[in-house]
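*Asks:*
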Amino acid sequence: NKNIWDYLNHRAFLTRVASKIQPIRHPQNMRYAHIDLATQSLAGVAICHLAGSQLIEGLVKDGEPFSEYRLVVEYDFILTICAGQNKPINIGKIQKFFFWLRDMCGFRFGLITADMWQSEMPLQELEARQFEVDKLSIDKDKSVYTAWRAGFEEHRIRLHRNEQMIREAENLLEMDKKFDHPPDGSKDTTDAAAGAYYNAVNSDEKISLVSQNPPSVYSAQQIQQFEAEGPPVEIPLPAKGYTRSKVFKV
2 NKNIWDYLNH RAFLTRVASK IQPIRHPQNM RYAHIDLATQ SLAGVAICHL
52 AGSQLIEGLV KDGEPFSEYR LVVEYDFILT ICAGQNKPIN IGKIQKFFFW
102 LRDMCGFRFG LITADMWQSE MPLQELEARQ FEVDKLSIDK DKSVYTAWRA
152 GFEEHRIRLH RNEQMIREAE NLLEMDKKFD HPPDGSKDTT DAAAGAYYNA
202 VNSDEKISLV SQNPPSVYSA QQIQQFEAEG PPVEIPLPAK GYTRSKVFKV
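The numbering of the sequence shown is the working numbering, which starts it at 2 and goes up by one.
In structure tokens, the structure reads:
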């Protein structure tokens, strides 16, 4: 009777530091999740976190161009959970997955949301275990998906690859009041991914992260620019006849 974490490669997302298990990526950052519940078809679970910010140029407001720093979101998990041949999706195992991530793996959660369908009891159970929870309807308007799309267009999303999500995203239909799937399609996984992203970029944590986020690895061209710059203080050497060793007595 396997749990969700039994199907995952733990070395891909966990590490041990001073005998403590923690996420490999940004272990101190809060995690934000959305669950698209189902029992007979597909359920989607996505977890992400804020990974800093980056400067976005070429934006236009009221006809005027401008630039600003916007949030970068990195996904930890994008999961599609299927019903078995004879058994429905076990919602309790989805809850246990969050307990395991927090209690055994050191994940810190800022908010977990679920859609309106059958979410009352699962969210109550999570809340009873000290998780911050809320309901989030992806279909009430287009704001969740338009925010998610902007993240892709501005290259601010670091994706956890999920083939089902890619197929669903390719077939999304933009309607007048919401995004929907074709008659024979689904959008459970994209709903989960878009909802988690929406929770992250609207969190209180964003205030401390909307600032310059310089890269930790610089390109060769950037290094050459640094080397071309002179030092902040230059000591001019005397006229010819003196060497550096004479001036500084070395």
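Virtual Cβ for every residue (Gly too), placed ideally from N, Cα, C.
Looking only at C-alpha atoms, which of ALA201, ASP205 and GLU206 sits nearest to GLU75?
*Replies:* ALA201
*Asks:* Specify the secondary structure class of GLN55 as computed by DSSP and reduced to three states.
*Replies:* strand
*Asks:* In the DSSP assignment, find the unbroken beta strand (DSSP E) run with GLY111 in it and report its ends.
*Replies:* In the DSSP assignment, GLY111 falls within the beta strand (DSSP E) that extends over 109-115.
*Asks:* Assuming LEU15 contacts ILE25 under a Cβ cut-off of 8 Å, what Cβ separation, rounded to an integer in Å, is found between them?
*Replies:* 6 Å
*Asks:* Could you tell me which residues DSSP puts in a beta bridge with PHE14?
*Replies:* PHE14 pairs with nothing; no bridge assigned.
*Asks:* If you run the structure through DSSP and keep just helix, strand and coil, what is GLN125?
*Replies:* helix
*Asks:* Tell me, to the nearest whole angstrom, how far the beta carbon of ILE22 is from that of GLY111; I am working on the premise that it is less than 8 Å.
*Replies:* Between ILE22 and GLY111 a beta carbon distance of about 20 Å is seen, past the 8 Å cut, so the two are scored as non-contacting.
*Asks:* Return helix, strand or coil for GLY269, following the three-state DSSP convention.
*Replies:* The shown model of the chain, from 2 to 251, leaves out residue 269, and the question about it has no answer.
*Asks:* Can you tell me whether HIS11 is buried or exposed? The criterion is at least 16 other CB atoms within 10 Å of its CB, across all chains shown.
*Replies:* exposed
*Asks:* Going by other Cβ atoms of all chains shown within 10 Å of its Cβ, with 16 needed for buried, is ALA44 buried or exposed?
*Replies:* buried
*Asks:* Can you tell me whether SER217 is buried or exposed? The criterion is at least 16 other CB atoms within 10 Å of its CB, across all chains shown.
*Replies:* Interpretation of SER217 is limited by its pLDDT of 48, a score under 50 that renders its predicted location unreliable; no figure is taken from the coordinates.
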